[in-house]
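Chains as they are written, first to last, in this note's numbering: chain X, 1 to 147; chain Z, 1001 to 1577; chain G, 2001 to 2295; chain P, 3001 to 3325; chain Y, 4001 to 4435; chain S, 5001 to 5183. Report on the structure given below.
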Amino acid sequence: MTEEFEPKIVGFLCNWCSYAGADLAGVSRIQYPPNLRIIRVMCSGRVDPAFILEAFRSGADGVLIAGCHPGDCHYIAGNYKAQRRGILLKKLLEQFGVEPQRLKIEFVSASEGAKFAAVVKEMVETIKKLGPSPLKVQMEGLTYASG
Amino acid sequence: MEQSQKETSRIGVFICHCGINIGGVVNVPEVVEYAKTLPDVVYAEDNLYTCSSDGLNKIKESIAKYNLNRVIVASCTPRTHEPLFRATCEEAGVNKYLFEMANIREHCSWAHMHEHERATEKAKDIVRMAVAKARLLQPQTEPEIDVTPSALVIGGGISGIIAALCLADQRFKVSLVEKEPELGGMLRNLHKLYPTMQDASEGLEHFIQAVKSNKSIDVFTSTVVKEVKGFIGNFKVTLQKGNSETANLDIGTIVVATGATIFEPVGMYGYGEHENVITQLQLERLLKEGQLKKPEKVVMIQCVGSREEKGRTYCSRVCCMTALKNAMFIRELYPETDVYLLYRDLQTYGQHYEHHHREAQEKGIRFIKYAQEKPPEVVAGKNGKLEVNVYHALLGEQIKIESDLVVLSTPLIQHKDAKELSKMLKVPLGSDGFFFEAHVKLRPIEFATDGIYVCGTAHSPKDTAESVSQAFGVASRAAIPMALKRLRTEAITALVDEDLCSGCRICEAVCEYSAIEMQEKEGKQTSKVLEALCKGCGTCGASCPTGAITMRHFTDNQLVAQVRAAPQVAKEVTKHD
Amino acid sequence: MAEGELKYFIFLGCAIPYRVSAYEISTRKVMEKLGVKLEEMPEFNCCGLPMDPVSHEMMLLLAARNLCIAEEKNMSIMALCPGCAGTLNKVNTMLKNDKKLREEINEYLKVDGLEFKGIIEVKHLIQVLNDDVGLEKITAAVKKSLKGLKVAEHNGCHVLRPKEYMGFDDPEDPKVLKALIEATGAECLDYMDEAQCCGAPTAGINDKIPLQLSREKLTHIRDVGAQALITICPFCHMMFETNQMRIERMLNEKFGIPTLHYPQLLGLALGLSPEELALDELRVKPTEQLKQIGI
Amino acid sequence: MSKEKLKFAFYWAASCGGCEIAVLDINEKILDVVAIADIVFWPVAIDIKYKDVEAMPDKSIDVCFFNGAIRTEEQEHLAKLLRKKSKVLVAFGSCAHQGGIPGLANVANKKEVFERAYLQSPSTNNPNSVTPKTSFKVPEGELKLPEFFDTVKTLDQTVDVDYYLPGCPPPSAQVAKVVEAIAKNELPPKGSVLAPEKSVCDECPRKKEDKKISKIYRVYEITPDPERCLLEQGIICMGPATRGGCEAQCISANMPCTGCGGPCPNEVEQGAAMISALSSILGVGGERDLDYDAEKMIGQVKDPLGTFYKYSLPASFLRRRRIKK
Amino acid sequence: MEANKSILVIGGGIAGIQASLDLASRGMKVYLVEKTPSIGGRMSQLDKTFPTMDCSMCILAPKMIECFRHPNITLLTYSEVKEVKGSAGNFRVKILKKPRFVDLEKCTGCGECAQHCPVEVPNEFDMGLGVRKAIYVPFPQAVPLKYTIDDENCIKCRLCQRMCKAGSIDYDQQPETIDLNVGAIVVATGFELFDARTRSEYGYGKYQNVLTSLEFERLLSASGPTGGHLLRLSDGRIPRRIAFIQCVGSRSLKGGVSYCSSACCVYATKEGILIREHNPECEVYVFYNDLKVFGKGFQEFVNRAKDEWGVKYVRALPGEVVEDPKTGDLTIWYEDTTENVTKNMKADIVVLCPALVPRVASKELAGILGLELDEFGFMKSKDPLFAPVDTNRPGIYICGYCQGPKDIPESVAQASGSAARAAEVIIVATGKEAH
Amino acid sequence: MLQVEKGGAKETEQRAVLKITDMDPKFKYEISKIPGGEKIMLCFQCGTCTSDCPVARFSGAYRPRQIIRMTQLGLKKRVLESESLWLCASCFTCTDRCPQDVKVADIIRVLKNLAVKEGYVPPVFKVLASSILDTGYAYRIPEMRIKKREELGLPSLPKGNPQSLAKLTERIGFKKLLEAKSE
């Protein structure tokens, strides 16, 4: 009997909007699957693409970057940079044979508790459909620990 | 790597039940036991309420007892409780940046209330990630800078004058710079001021005298700002008078109050072609000087060169009221004169202006709404008169008005030299040409760059009352750093390793706060963070292609450690696995 | 006025004696039952409203003369027609409040030995019923509850507007007539555009617009399933009742909505017979409805 | 030269051979090399068989300069052998260092590589559809060929490496410096990359003014201002993310840097570093414009993997393309 | 402790918050008095703000928290000013602190009490569209995040007391009078909505699908009663057409206020865009009289609403809104004044943009402070041109909507202005901060 | 019966260009001095009056807002000649709802009064007026009807007092008003 695949997702959330949105989801007791591990950054603009690749390399099945809505960035425009990096990274991931849906760039405001929960839920469902990250699978000479 | 050379981490973990808010879902004792197994964790315990005074005392006691140098509280969101726990750590002699919080309430127990086991697993992961980061935390200090208690106000119109006076009344030194030979700005051209209809010159004269007699204010007329260097509290400003004379000032804060000028509608509605087509500003002058000869019929046209489809798309805010005011003055002066006001939408907002609108209606001003797509036409008529053809949008008919004076209401526009100033101060201009504030809603009178503020029509078209309101506001914002004398700046800032920086200037381009400056050393450029301006967003750190920028308290190492700890599947990934 | 003693001049106006006697008959019957004494107004004339478009002064004089006649006996006026009620009320208020106008009008009135003093009031029938008789007394007097009957009401304009003068009910959401109807036990339904005009005043100028207006109202009334329409105005009644079949013919519709004067409805509840209430004057016969309530 | 001469070895694995030429490119300095060292193994230049190497005592070679990535059994074998026999193993050039151009084969697997190279290539005439096999029977017996791996690896993914000398090929000045350091026994700590700490930008003479860009140009699309930073003119130049030492040779020839120097010392992943830098500045400041469209802005970058990992795919975090079976 | 170095700020909306922060961050002691249990004011109720479409709570919450944490600010929530004596530099103030029946020191904001409270009452924060409990925080991001028992509705079942692990419920709390000595006072009491019921031709209060703009704002808000789902309250149906009516009670000489409220045209535009964002299928009409686009970026905002979002503008002040009692659908009768045609339009929801009027309570407060009000009830400026934040009483300053119609940035700028004026008083009174 | 609809169509048809000389700037002041017309100048053309006018819903010609606008502009002749003026049902909805407190229905009435002075009187009003002057009642109630009242047990209808009315109306010249030029 195989256990149902439970994806591990790493989330980078900006302190001002998305982290607060995740807080609001909790405060409002909106339930969503416990697959996300949140890393708080001051701004989504802080997220270096290397962190995202590192997360995949470390065995994450998905990575979420959530920042303020366009125009709302506490630091004026960090979210735009995160968005652009995300777009380029998705293209790159696809070239690496990693489904781009495993990387999600979202705008979640401090008042969007429900949206945050919905984003996580949807992402978990998407990744469940995709299955475990191809990076976890053993390949020639390169063993990646499997969860 | 970096931490191994320093002291070894001794981490204490305090896990909160939050009554039953966490404890009712997450198996807290199990998480405590798990925490104890994590590297560098020397102590772990659970509390009913870690934030209660009882819980806080426990933290302090444990720091002493176990010689802890890193503290983790796993409870609720750091957004509300972090300051409290940080303060507790400081009280016990642990630098507040050596505290880390694990959010197992909002992000865990409350969001997974029916999945006790998985919530417990998640709580462990969250604690593990916190430990991974805490091991690498470094103490931080919040650097202080001195602030010169002296303000530079650029622009000697009513905004600049009021800002200067209010700052001087708060006992700061003020240098007021005006490029014209006289103070007063736009108000010098105006006749009466709505809504009180008092003489513009009367009000202005009072304030100019106040400025001149104020010992704290140095007035520089016929003078421009030539160079600005430095940052908040420590600006070095060079002024230039005429071609030769210059002055060097040490300045703490800068107020931009350069005002606006008026659009010259050359080629529109016969302006420049017929001499009896004038602008509203020219009419003001005629009224002010008592030079207006009795016209039989006056036609005023609104939105001339503003609210355009493309170009000057903005509404200039002051034109409707100015036209109403002048229309009423003409009627007062010459009761027999008919005044037609051709408008698109009347901007009679706020508590006073609608009243003036009604007054104008009662005084017999004729309002004709025209549509943007069918603008009026002004053509030469008989006997040197003008003929204005307008489609009355509310009557649905074309009207022909014979007029001997056409007055065009044109918008306020930015001065030509504003671009130069914006470059000098490194503050942006918006697409409308006006200075662009830090945040449209909540930081309306300051720039993203600390220590530089904006008020009056330099920011956007506005009337005297509104400019004055902003000028007082600016006098408060600019006073804050000067009143403090010393400024604590962010501890969480970027730091450039000069040995690695290759001067590519990418960080400079991405910084919204102009907090990165290039410096030259031995013929090579490297970037430097002006910590006083840095807000710590970390965008530069993420963008730096050489890894020369470290983000304090959110270092690459710390974040990568969290990333690696998150999926719990990665062993230390090395080159060989 | 002595406690419990309610006494008014009844102001019939022109239309009621001309064409709408059922309204008068049922009103007199009902008021008698409720203990309200009605006295005939001597020598009254047109309230003035029809002359307002021609000459405002003429209107004022006509109305003022009526008021003076009532003042001679120091008795307030109850009008059945909202037009009369509205006009007399308005002029009464204007003359009471505007000294200059009062003096001017009195100057004219002097010719015939009249003088406006401003000592009486003018009310419409439903105002008397609601304010002076009171819902409580009406409810208590109901002998035969009209429970189960679903009706719609139409106030007409002048009993409500202009608000500045009438003011006893909200013209946008009138409640008094509804309450009076519900006092009989009948249910008063909400329908679209309740406050809309019937169109009668334009009848002399244009033949189509008033019929279209009435048609629209009747459509909305039919849409909510009202079994009858209740009016308090002779003109509105003519539009909806007398003209109903004409509307049906002209605009190819079918309504069949019996339209009763309010006192007719109230009379039924008070135990009066259809004959006593002159129900036979109606063109659209409420046969079914009467059967339903057991009459 | 009182001391005994040093023993040098050179080996050429998966690479183009340019590195071999680079050794010669140090010109007269080659004489200095010969003066201090004997070359004990150099398949391209001297005839010494593998078995001769196997016969050498362990650690008998002082310095082995190993160029090329590891993509066959033979290369792996030789890497391991030379490691055993050498005191110091230097990953010489981009391929050994980061995987290099051959490393781009990691976007495919063996099957795809063979199909492309031996079957689909329009210039190939292969009517019998012959592809390499590890063994092939001929009348004379069975021929053995080394196994061709699915994945290209860097040298240090195969064996421990002492030093890295980046570049495609390593600039001769840099090679000369290394030889000098070896001669003087002044080598830095093990594991070091033998190149400057800073990026190509540090050596680039072009004027850098403002890195805000909004339009990307291919090299042939514009004639760039020779004085000004190429990246600022919209030409993707890997200089900012690439370790220097090359004196910005390509850029001086009006061509953008393509990144052969590998990542800067404090960056682990060169491609990610450049992706981050470029997407941060591409469209920066224009976000408030009405026609700002992040997708369109980034859409200008056509082939991120080929552009930003041209020399470093095998050394990258993700190393290769994952191919569904 | 120098008492007269401190300043009293009345009203915890964005203007009061900004004035407090300005003063506190320059080292002056501030008492911020707020009538309700949380600071945040009107802005906290907004979903987005025009013309940038900033999420209101995202940009406001950090300022609220900053107020809460600031060592120089003492928050006095659920409190009212009852008496003010003295003069500039030395005001003696009495403040009534209403009992919350919850110990602020002990309450951890966990919410266990509210989960078990059996009493549901209309939620003021959601303009009565949703419900809250008798023990409540006004909204999840409230500052302080402490519960309050609403004495009017509490049935004293003591369930909350039993549930509270922190032991913070205290039914014996009594009103408390606090005496303060302050040097200056800043008033920022904000606005409320004109009662749209008085415009009964639009059926507000009678028809369920006729809403005020603030109710509608809550309906749009992700944290609102429907969780941000745009639904019709009468039947839960997804609306296909929504119409906004401007100038409900404003620019009116009859029964309303004669001035223009300044914000409605643009916030309706914002709400219009939000509707289209929520559901591109839903049509939006804005009925306006004169489109007020005088602020920075307003005209461009309206242009975008028209061109990019397809919000439609009609120059008309509708005469009436009629409900079809069977379907709850609404018909709006209007004359398109640029076409000279009487038309009617069906809409699923009609949003009224009522005049924004000074708070009724500000009249009483003005009495206590000895301030003059203008004809509309706004706090009167000493000189509308050159002393906009000064009042007839030296040492007392005004800012925000209580001084006159304005939008958020104007309120914020003016709040700073009143802070500067208040600071001047303190500097003169204490002789400090001389350079 | 007047053919107002036709007249209306004539009115709305596009006129070439309206010259300012066609406008009498004093007209609005004239109106504003007559009771009911005081606030004419305050109309800001929001259209509420027209939108809630029951007649305007079915008539292509009657537009209270436009009548006010034309009056404001001084298009005196056009307004007073306008047959649609007489379509007003005087339901007062416009007056009740006008935000500017303009007494729209009263202004229309003032305009009708002026039109009468200028000689435009629809026949129906002449009939009504003469009936009032002759009998006191707006309608000439037939003898038969008066008799029937007795049968129905209703009190007899008081006789009007035309003499009194004649005295009262003489001074305002009401009769003359009607005798003036008529159609």
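Note that the Cβ used here is the ideal one computed from N, Cα and C, for glycine as well. For clarity, every value in this text was computed on a predicted model and none was experimentally measured.
Return the bridge partner residues of P/G3141 from the DSSP annotation. For the purposes of this step, residue 3141 of chain P is taken as residue 141 along the fourth sequence, with counting starting at 1. DSSP output for P/G3141 lists P/V3138 as bridge partner(s).
On the criterion of 16 or more Cβ atoms from any shown chain inside 10 Å, does Y/S4381 qualify as buried, or is it exposed? What you label residue 4381 of chain Y is simply residue 381 of the fifth sequence in a count that begins at 1. Classification for Y/S4381: buried.
Does DSSP classify Z/Y1034 as helix, strand or coil? Locating residue 1034 of chain Z in the second sequence gives position 34, where the first residue counts as 1. In the structure shown, Z/Y1034 sits in a helix (DSSP, three-state: H, G or I).
How long is the line joining the alpha carbons of G/T2231 and G/S2055, rounded to whole angstroms? Indexing the third sequence from 1 puts residue 2231 of chain G at position 231. Indexing the third sequence from 1 puts residue 2055 of chain G at position 55. Near 29 Å, if we compare the C-alpha coordinates of G/S2055 and G/T2231.
Cα-Cα separation between Z/S1150 and Y/H4116, rounded to whole angstroms: One-based indexing of the second sequence puts residue 1150 of chain Z at position 150. One-based indexing of the fifth sequence puts residue 4116 of chain Y at position 116. Their Cα atoms are separated by approximately 58 Å.
Residues bridged to Z/D1250 by DSSP? One-based indexing of the second sequence puts residue 1250 of chain Z at position 250. DSSP lists Z/K1236 as partners of Z/D1250.
For the beta strand (DSSP E) containing G/T2231, list its first residue and its last residue. The residue labelled residue 2231 of chain G in the question sits at position 231 within the third sequence. G/T2231 -> beta strand (DSSP E) spans A2228 to T2231.
Interface positions of the segment 107–132 of chain X facing chain Z (Cβ-Cβ less than 8 Å), listed along the chain: Residues passing the 8 Å Cβ filter: A117.
Residue range of the alpha helix (DSSP H) that includes G/L2180: Mapped onto the third sequence, residue 2180 of chain G falls at position 180. For G/L2180, the uninterrupted alpha helix (DSSP H) run begins and ends at V2176 to A2183, by DSSP.
Is it right to say P/K3184 is buried, meaning 16 or more other beta carbons lie within 10 angstroms of its own, or is it exposed? Residue 3184 of chain P sits at position 184 when you count from the first residue of the fourth sequence. Its Cβ having fewer than 16 others within 10 Å, P/K3184 is exposed.
Tell me which residues share the same chain as X/L36 and place their Cβ nearer than 7 Å to its Cβ, disregarding the 5 neighbours each side in the sequence. Start at 1 with the first residue of the first sequence, and residue 36 of chain X comes out as number 36. Result list for X/L36: I9, G11, L64 and V120, in chain order.
Taking the alpha-carbon positions, what's the Y/G4255 to Y/S4362 distance? Taking the fifth sequence and counting its residues from 1, one reaches residue 4255 of chain Y at position 255. Taking the fifth sequence and counting its residues from 1, one reaches residue 4362 of chain Y at position 362. Taking the straight line joining both Cα atoms gives about 20 Å.
In whole angstroms, what is the alpha-carbon distance linking G/E2248 and G/L2149? To locate residue 2248 of chain G, count along the third sequence from 1; it is residue 248. To locate residue 2149 of chain G, count along the third sequence from 1; it is residue 149. One Cα belongs to G/E2248, the other to G/L2149, and the distance between them is close to 24 Å.
Can you tell me whether DSSP reads Y/S4087 as helix, strand or coil? As a first step, residue 4087 of chain Y must be located in the fifth sequence, where it is residue number 87. Three-state DSSP puts Y/S4087 in a strand.
Once you ignore the five residues that flank Z/C1076 on each side, which residues in its own chain have a CB closer than 7 Å to its CB? To locate residue 1076 of chain Z, count along the second sequence from 1; it is residue 76. Cβ within range, chain order: C1018, N1103, R1105 and E1106.
Whole-angstrom distance between Z/P1139 and Z/L1098, CA atom to CA atom: For this step, residue 1098 of chain Z is matched to residue 98 along the second sequence. For this step, residue 1139 of chain Z is matched to residue 139 along the second sequence. Taking C-alpha positions only, Z/L1098 is separated from Z/P1139 by approximately 6 Å.
Considering Cα atoms alone, identify which of P/I3323, P/S3316 and P/R3322 is closest to X/F51. Indexing the first sequence from 1 puts residue 51 of chain X at position 51. Per the Cα distances, P/S3316.
Proximal residues to Z/V1224 (C-beta, below 6 Å), its chain only, five neighbours per side dropped: In the second sequence, residue 1224 of chain Z corresponds to position 224, counting from 1. Cβ neighbours of Z/V1224 beyond the five flanking positions: K1179 and Q1240.
Closer than 8 Å, CB to CB, is Y/Y4259 near chain Z or not? Reading the fifth sequence from its first residue, position 259 is the one you call residue 4259 of chain Y. Yes - at least one Cβ of chain Z is within 8 Å of the one on Y/Y4259.
Output the distance between the C-alpha atoms of S/R5109 and G/I2257, rounded to the nearest integer angstrom. Taking the first residue of the sixth sequence as 1, we reach residue 5109 of chain S at position 109. Taking the first residue of the third sequence as 1, we reach residue 2257 of chain G at position 257. G/I2257 has its alpha-carbon roughly 34 Å from the corresponding atom of S/R5109.
Contact check, Z/W1110 vs X/G26, beta carbons under 8 Å: As a working note, residue 1110 of chain Z is residue 110 in the second sequence. As a working note, residue 26 of chain X is residue 26 in the first sequence. Yes.
Output yes if chain G places a C-beta closer than 8 Å to the C-beta of S/D5096; else output no. Within the sixth sequence, residue 5096 of chain S is the residue found at index 96, counting from 1. S/D5096 counts as touching chain G.
Name the chain S residues that come within less than 7 Å of G/G2199, Cβ to Cβ? Position 199 of the third sequence, counted from the start, is the residue given in the question as residue 2199 of chain G. Result: P5054 and A5089.
Report the neighbours of S/I5172 on chain Z: residues whose CB is nearer than 9 Å to its CB, in chain order. Taking the first residue of the sixth sequence as 1, we reach residue 5172 of chain S at position 172. Those within 9 Å of S/I5172 in chain Z number zero; the least Cβ separation is about 30 Å.
Y/R4287 bridges to which residues according to DSSP? One-based indexing of the fifth sequence puts residue 4287 of chain Y at position 287. In the sequence as displayed, the identity of residue 4287 of chain Y is Phe instead of Arg. Looking at the DSSP assignment, Y/F4287 forms a beta bridge with Y/I4245 and Y/V4314.
Between S/K5076 and chain G, is the shortest Cβ-Cβ distance under 8 Å, so that the two count as touching? As a working note, residue 5076 of chain S is residue 76 in the sixth sequence. No, its Cβ sits nowhere closer than 8 Å to a Cβ of chain G.
Contact with chain X by P/P3256, beta-carbon distance below 8 Å: Against the fourth sequence, residue 3256 of chain P aligns to sequence position 256. Interface flag for P/P3256 against chain X is unset, since no Cβ pair is found closer than 8 Å.
Residues of the segment 4028–4060 of chain Y in Cβ contact with chain Z at a cutoff of 8 Å, in chain order, please. For the segment 4028–4060 of chain Y, the residues whose beta carbon sits under 8 Å from a beta carbon of chain Z are, in order, T4049, P4051, T4052, D4054, I4059 and L4060.
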